[in-house]
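One structure below.
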Amino acid sequence: MLNKFPILYSFRRCPYAIRARLALLVSKQTVEIREVLLKNKPVDFLKKSPSKTVPCLILNDQIIDESLDIMIWALEINDPEKWLETPNSEFDLINLIDHEFKPLLDKTKYATRFPGEDFYKNRENALKILKEVDERISDKNIYKNQFTLVDMAIFPFIRQFAFIDRTFFNSQNWKNLVNWLDLILNSQLFTRCQTKFKQWSPSDKPRYF
Ligand SMILES: N[C@@H](CCC(=O)N[C@@H](CS)C(=O)NCC(=O)O)C(=O)O
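Take any residue in the sequence shown, note its place counting from 1, add 13, and you have its number in this note's numbering.
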């Protein structure tokens with residue numbers, strides 16, 4: 014049976030799922046949302062998702078298993094705020110955050126899970142990366158005067174880091190990072206993105222996002 018709307022397996026707090034939902038919202042792509050608990054993944058999700066990670070978007074003819082690919086899929090259909098108008102030269106920031114910053118974020122946020130690690134050194138190294146992001150923000154955004162895919166792809170990870178200790182985060186000598194973060198946090202888009210859904214179960218009526 015063909016689904017009228019794509020199915021998004023999502024987890025509200027997951028930074029990868031947040032970036033995917035932001036792009037789905039801005040591009041006005043309706044999906045059937047299925048909130049997954051990572052400790053209790055539904056059988057249907059485990060069958061369909063190659064990586065068993067969220068977000069995972071199930072289309073009638075395709076499964077998109079990477080958050081950045083979900084963003085691009087949605088924006089290629091409809092990009093009213095021109096998020097795809099990011100020059101390729103800015104994409105290295107996504108790599109930097111996904112591959113170098115994310116492990117340091119985890120080691121700072123979940124320090125007790127990494128007993129052999131030097132918490133202060135990891136946090137310092139994370140801050141060095143954020144310093145680079147801060148310097149790349151020209152006034153309000155990474156690129157020109159508009160938010161693009163790059164801002165939205167890196168935002169959920171920087172948000173997580175900031176909320177480990179918001180006072181500590183805000184007390185750093187940032188030029189633009191706090192304003193940049195607050196602009197997105199206070200946006201209607203982010204508020205809608207964080208709508209709460211209860212854990213999906215196969216007998217539920219579809220819930221749309
Ligand atoms: N490469 C994936 C990574 C997604 C990812 O790692 N998601 C985490 C949640 S934040 C997950 O599902 N982990 C699986 C688990 O914890 O079992 C993407 O960008 O979509």
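Glycine included, every Cβ here is placed at the ideal spot set by N, Cα and C.
Item                                                                                                                                           : Value
Near I197, what residues of its chain come up, given a Cβ to Cβ distance below 6 Å and the 5 sequence neighbours on each side ignored?         : F168 and F203
What does the Cβ neighbour count give for E137, buried or exposed, with the cut at 16 atoms within 10 Å?                                       : exposed
Extract the residue ranges of the alpha helix (DSSP H) inside the region 132-210, only unbroken runs of 4 or more that lie entirely within it. : 132-149, 162-177, 179-183, 190-198 and 201-206
Mind listing, in chain order, the continuous alpha helix (DSSP H) runs of no fewer than 4 residues lying wholly within the region 64-105?      : 80-90
Closer than 7 Å: is that where the CB of P68 sits relative to any heavy atom of ligand 1?                                                      : yes
Quick one: give me the first and last residue of the beta strand (DSSP E) that R47 is part of.                                                 : E45 to E48
Going by alpha carbons, who is nearest to E113 out of L97, E145 and N91?                                                                       : E145
Using the three-state DSSP reduction, which class does N16 fall into: helix, strand or coil?                                                   : coil
Taking the C-alpha atoms as reference points, what is the distance between L72 and D92?                                                        : 19 Å
From the DSSP secondary-structure annotation, give me the bridge partner or partners of Q212.                                                  : E48
Measuring straight from C-alpha to C-alpha, what distance separates K153 and L106?                                                             : 16 Å
If we ignore side chains and look at the alpha-carbon of each, how far apart do R47 and F24 end up?                                            : 8 Å
Measure the Cβ-Cβ separation of Q159 and K95 and say whether it is below 8 Å.                                                                  : yes
Identify which residue in K54, N16, K157 and N199 has its Cα closest to the Cα of P100.                                                        : K157
Work out the CA separation of V67 and A30 for me, nearest whole Å.                                                                             : 6 Å
At which residues does the alpha helix (DSSP H) containing A30 begin and terminate?                                                            : P28 to V39
Does the distance from the CB of W193 to the CB of I150 come in under 8 Å?                                                                     : yes
If you drop the 5 nearest sequence neighbours on each side, which residues of the same chain put their C-beta closer than 8 Å to that of C69?  : L21, Y22, F58, K61, S62, I76, I77 and D78
What do you reckon, is the C-beta of E79 under 7 Å from a heavy atom of ligand 1?                                                              : yes
Would you tell me roughly how many angstroms separate the C-alpha atoms of K54 and T43, rounded to the nearest one?                            : 23 Å
Smallest Cα separation from W86: which of T125, N108, K141 and L162?                                                                           : L162
Quick one: is M165 buried, meaning 16 or more other Cβ sit within 10 Å of its Cβ, or exposed?                                                  : buried
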